[in-house]
Amino acid sequence: MADWKVFAVSAAMFAGMTAVLAKIGLQNIPSNLATLIRTMVIIVFLAALVWARHEWKNPLLLNRHSLVFLILSGFTTGLSWICYYRALKLGPASLVAPIDKLSLVFAIVLSVLFLGERLGLYQWLGAGMIAAGALVIIFK
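Given below as structure tokens:
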């Protein structure tokens, strides 16, 4: 398995664990506070990782185009997390997490529209099955 596939499967595993751990942690805490705590943990963790790997660079010296899109990505990540934690607070993790994975379908469509990526029949079929599965869960 190629390196990117190992990381992709690991990301899916950790994301699945995130839903369950967050649902437990949200029991007596407002969802926005929980999102802030999660974000602070991520900041500390990533700062340590960047420091340990000697990857720090002054963000103001980075390519402006890259910086703008990373900032926009940060905003959309934050909005996603706020919505996700609110959904977890209000609904069961077993339903919220699969619906949240409609993000896969959105990412596929957006990558075709804006990045010029090409997909084959099986990739489109898989995206359609993901969408269908989410719709079954939504309208159960």
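Numbering (my numbering), first residue to last: 1485 to 1624.
Where a beta carbon is used, it is the ideal one built from N, C-alpha and C, also for glycine.
Looking from the CA of Val1504, the closest CA among Ala1577, Gly1600, Ile1621, Asn1542 belongs to Ala1577. The residues Val1596, in chain order, have a CB closer than 8 angstroms to that of Arg1602 in the same chain once the five nearest residues on each side in sequence are set aside.
Bounds of the alpha helix (DSSP H) holding Gln1607 are 1605-1622. Between Leu1510 and Trp1608, the alpha-carbon positions lie close to 36 angstroms from each other. Assignment of beta strand (DSSP E) within the segment 1532-1595, counting only whole runs of 3 or more residues, yields no such run.
In this structure, Lys1573 keeps its C-beta atom at 8 angstroms or more from the C-beta atom of Ile1614. At the C-beta level, Pro1582 and Gly1617 come within 8 angstroms of one another. The C-beta distance from Thr1502 to Ile1566 rounds to 15 angstroms, too long to fall under 8 angstroms, and the pair is not in contact. For Leu1510, there is no enclosing alpha helix (DSSP H), as DSSP marks it with neither H nor E. Val1552 counts as exposed, since fewer than 16 other C-beta atoms from the protein chains shown sit within 10 angstroms of its C-beta. In the structure shown, Gly1600 adopts coil according to DSSP, grouped into three states. Exclusion of the five residues before and after Val1534 leaves Trp1540 as the residues of its chain whose Cβ lies within less than 8 angstroms of its Cβ.
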